[in-house]
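The structure appears right after this line, and notes come after that.
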Amino acid sequence: MEHCKFRYTTVVSDGDSKAYATVKKMKPYGEIEIEKEECINHVAKRLGTALRDLVSNIAKQKITLGGKIKGCLTNEKIKKLTKYFNYAIRNGNTVEEMKRNIYATLRHCISTDQKPQHSSCPVGTTYWCFYQRAVAND
C-alpha cells in the first residue's frame, strides 16, 4: 500500500482478538497509532453470554433469575435483549444516543401492561417497539 499512500488506521475486531495487539506492537506506520473498534455483533454476543452466565452462577446460589415464571431472565429474553442492544448501538450516531437507546430497550423489556415503560422507545411505525408502532398507527 506504500505506493498508494494509503494507511489503515482503524482495526475492527472482536474483543478477544490477538490481531490488534500484534498489529499495534508492529507499529507499521511508525508513531501513527492504530485504533481498535469493537465489532457490534461480537459485543452483543458477549452480552448474551454474560447474561446466560449470570443466570447460571446465580442459580448455583439457589437464587432464580431464569425460569418460566413472569419476570425471570429467560433465554428468550436474553436473545431479545441482545437483539435490541445490537439495534440500539447501530442506530445511535453518538455515544449519548447509543446510551439512551440501550436504556430504552431495558425499560421496554421490563414494561408490563400495568406499568408500561415505553416513553423512551423510538416513536413511529417502523421501529422495534410494538407499543409505539400501535400508537403511531392509531
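Under UniProt numbering, think of the first position of the sequence shown as 1, with each following residue one higher.
From the three backbone atoms N, C-alpha and C, an ideal C-beta is built for every residue, glycine too.
Source: prediction; values computed, not measured.
Under the three-pair Cβ rule at 8 Å, the region 53-66 does not count as touching the region 34-41.
The alpha-carbon of Glu96 is positioned some 27 Å away from that of Arg52. DSSP places Glu76 in the uninterrupted alpha helix (DSSP H) bounded by 75-90. Per DSSP, the beta-bridge partners of Thr10 are Glu35.
Burial check for Ala21: the Cβ neighbour count within 10 Å stays below 16, so the residue is exposed.
Excluding its 5 nearest sequence neighbours in each direction, Tyr84 has C-beta neighbours in its own chain below 6 Å: Thr105, listed in chain order. With contacts defined by Cβ atoms closer than 8 Å, Asn86 and Asn101 do not form a contacting pair. Of the candidates Ser17, Thr9, Lys79, Thr9 places its Cα closest to the Cα of Glu31. Per DSSP, the continuous alpha helix (DSSP H) segment holding Asp53 begins and ends at 40-60. Just so you know, the alpha carbons of Lys27 and Lys45 end up roughly 30 Å apart. Secondary structure of Tyr131 (DSSP, three-state): helix.
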